[in-house]
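This report refers to the structure that appears directly beneath it.
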Amino acid sequence: MHEWEPANASEQELDGWLHILNEVFAHDIPDEPTWGNQLLREYLYLAAPGERRIHWLAYAQEPVGDAEPAGWHASGENADTVCGTASLLLPADSGTCVVDVLVPPRFQRRGIGRALLTTAAWRAHGEGRQTLSAEVVSGTAAVPFYEACGFERVVVEVRYLLRLDRVDWSRVRRAVAQVVSGYRIEYFQGGPPADLLPAYAEAKSMLRYLTAGEHTVDEATVAAEAKRLSASLDTLHRRGLRPHVVLAIHNPTGQVAGLTELVVPAQRPARGDEYDTLVLPRHRGYGLALAMKSRMLLGLQQTEPQLVDIQTWQNGEYEPQAQVNAELGYVRDREWYEYETTTSRLISRLGAVS
Ligand SMILES: CC(C)(COP(=O)(O)OP(=O)(O)OC[C@H]1O[C@@H](n2cnc3c(N)ncnc32)[C@H](O)[C@@H]1OP(=O)(O)O)[C@@H](O)C(=O)NCCC(=O)NCCS
79 MHEWEPANAS
89 EQELDGWLHI
99 LNEVFAHDIP
109 DEPTWGNQLL
119 REYLYLAAPG
129 ERRIHWLAYA
139 QEPVGDAEPA
149 GWHASGENAD
159 TVCGTASLLL
169 PADSGTCVVD
179 VLVPPRFQRR
189 GIGRALLTTA
199 AWRAHGEGRQ
209 TLSAEVVSGT
219 AAVPFYEACG
229 FERVVVEVRY
239 LLRLDRVDWS
249 RVRRAVAQVV
259 SGYRIEYFQG
269 GPPADLLPAY
279 AEAKSMLRYL
289 TAGEHTVDEA
299 TVAAEAKRLS
309 ASLDTLHRRG
319 LRPHVVLAIH
329 NPTGQVAGLT
339 ELVVPAQRPA
349 RGDEYDTLVL
359 PRHRGYGLAL
369 AMKSRMLLGL
379 QQTEPQLVDI
389 QTWQNGEYEP
399 QAQVNAELGY
409 VRDREWYEYE
419 TTTSRLISRL
429 GAVS
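Quick note on numbering: the working numbering labels position 239 of the sequence shown as 317, and the sequence is numbered without any gaps.
Right, dumping it as structure tokens:
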């Protein structure tokens, strides 16, 4: 096993990573679109300002014919096949980090996952991170794996998928045409233009503060948020994650009343990832979420004609978001979980030696 740097890795290493991902997907979530290698290097090594990613690869000898795979090799010497991957995402200014371990079916239950997780746990410890989390798809081996390693389930979300060939386009056009007076809905391929960034940033930071129980944001907070958003959009572009944003603008004040964000990865351009859809509290109840999501669909029809479907996640069945998604034709898929543990607990559970 060794740490690798996608920024200057060989094509062979990149192919090894991609192969593992597609092998695991094909087994665990067979309808998932296959990943390609467009901007894969950039996807793996670029991060938002202050954020870092650390990657590991584990190697084994390729089995011959029907033979069982030979043991995997800690050193990677004389081993030709990537048999597992791990990554650690270290967000800026945070005590936590996100771990991701993948071992394809033909190499599972040989301790490779545990060894990769042990390495990642010690690195998290070395980086001063107190907690680790992992995103886990229900019904996969990752559930018993992380539970066996002492992780606890802290968030349950349901993935929803919208197939674009099942969309009622006349309804979508109607929702866009009938926007309540006093608002306009605008679609931006690549993200909002510079002159709208402060209003966009203000809406995003107000929402963040609202969840913390505050109701206003000062200029310095908005300026810092605008800078962060601009950097984050730039990182998305460079990683091949093509952003699309729709804003609901309140005409009398010019305030951004709501937003919806979606990304189409160059690595699997058939599926869009819907990030956030938010409406500020005092603009709720006017149908803005439906109008914004509908405008997004019309925009994508023009700019991303290869899209087959869109995925989004909900953590509650009865929230207004669920209603809007149901109206547009999103269909419930499977549950996704967030698991968490403390670094010290994980290390003692794994009985790891540094
Ligand atoms: C989860 C995963 C990393 C585990 O890798 P692995 O190399 O098989 O794990 P290990 O052999 O180190 O297993 C460690 C322990 O985890 C538990 N475990 C792992 N897989 C398990 C399974 N399928 N059933 C029950 N327990 C399991 C066991 O306690 C195991 O110890 P044991 O074999 O001594 O009983 C691997 O199965 C994987 O990548 N699966 C894909 C998961 C996924 O995320 N799919 C969605 C698409 S990305």
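For every residue, glycine included, the Cβ atom is placed at its ideal position computed from N, Cα and C.
Query, Result
"Residue range of the unbroken alpha helix (DSSP H) whose run includes Ser310", "Glu297 to Arg316"
"Closer than 6 Å: Val236 CB and nearest ligand 1 heavy atom", "no"
"Arg237 versus Asp411 - alpha carbon distance", "5 Å"
"Span separating the alpha-carbon of His105 from that of Ala220", "13 Å"
"Cβ-Cβ distance between Arg131 and Ala138 below 7 Å", "no"
"Ranges of the beta strand (DSSP E) found wholly within the segment 158-188, counting only runs of at least 3", "159-168 and 174-180"
"Proximity test, Asp351 beta-carbon vs ligand 1 heavy atom, cut-off 6 Å", "no"
"Counted within 10 angstroms of its Cβ, other Cβ atoms place Ala199 as buried (16 or more) or exposed", "buried"
"Where Ile107 falls: helix, strand or coil (DSSP)", "coil"
"N- and C-terminal bounds of the alpha helix (DSSP H) containing Leu366", "Leu366 to Thr381"
"Nearest-angstrom beta carbon gap, Leu117 and Arg317 [assumed within contact, 8 Å]", "7 Å"
"Alpha-carbon to alpha-carbon, Tyr417 and Phe229", "6 Å"
"Residues near Val402 in its chain [Cβ-Cβ closer than 8 Å; skip 5 each side]", "Thr355, Ala367, Leu368 and Lys371"
"Minimum C-alpha distance to Gln345 - residue among Asp93, Gly394 and Glu83", "Asp93"
"Burial state of Trp134, where buried means 16 or more other Cβ atoms lie within 10 Å", "buried"
"With 16 other Cβ atoms within 10 Å as the buried cut-off, status of His322", "buried"
"Run of the beta strand (DSSP E) containing Val324, from where it starts to where it stops", "Leu319 to His328"
"Beta-carbon proximity of Ala136 to Leu180, cut-off 7 Å", "no"
"Residue from Gln380, Thr338, Pro108 and Thr331 with nearest C-alpha to Gly260", "Thr331"
"With 16 other Cβ atoms within 10 Å as the buried cut-off, status of Arg241", "exposed"
"Cross-strand partners of Ile98 (DSSP beta bridge)", "Partner(s): none; Ile98 has no beta bridge."
"Selection from Val341, Pro343 and Leu337 that minimises the alpha carbon distance to Val357", "Leu337"
"Beta carbon proximity, Arg231 to chain D, threshold 7 Å", "Protein chains in the displayed structure number just one, and chain D is not present."
"Cut-off 6 Å between Cβ atoms - residues of its own chain near Glu280, not counting five sequence neighbours on either side", "Val300"
"8 Å CB neighbourhood of Val245 in its chain, flanking five on each side removed", "Leu375, Leu406 and Gly407"
"By C-beta, the residues closer than 6 Å to any heavy atom of ligand 1, given in chain order", "Val102, Phe103, Asp106, Ile107, Val179, Leu180, Val181, Gln186, Arg187, Arg188, Gly189, Ile190, Gly191, Arg192, Val215, Thr218, Ala219, Ala220, Pro222, Phe223 and Ala226"
"Alpha-carbon to alpha-carbon, Lys282 and Leu120", "Per the sequence presented here, residue 120 reads as Glu, with Leu not at that position. Going from the Cα of Glu120 to the Cα of Lys282 covers about 27 Å."
"Own chain, CB closer than 6 Å to Gly128, minus 5 neighbours either side, in chain order", "Ala170"
"Top-ranked residue by Cα proximity to Thr419, from Asp387, Gly269, Ala87 and Ala202", "Ala202"
"Sequence-distant residues of its chain with Cβ nearer than 7 Å to Ile190 (five each side left out)", "Ala136, Trp150, Cys161, Gly162 and Val181"
"Own chain residues within Cβ distance below 7 Å of Val258, not counting five before or after", "Tyr364 and Gly365"
"Buried versus exposed call for Thr159 [16 or more other C-beta atoms within 10 Å across all chains shown]", "buried"
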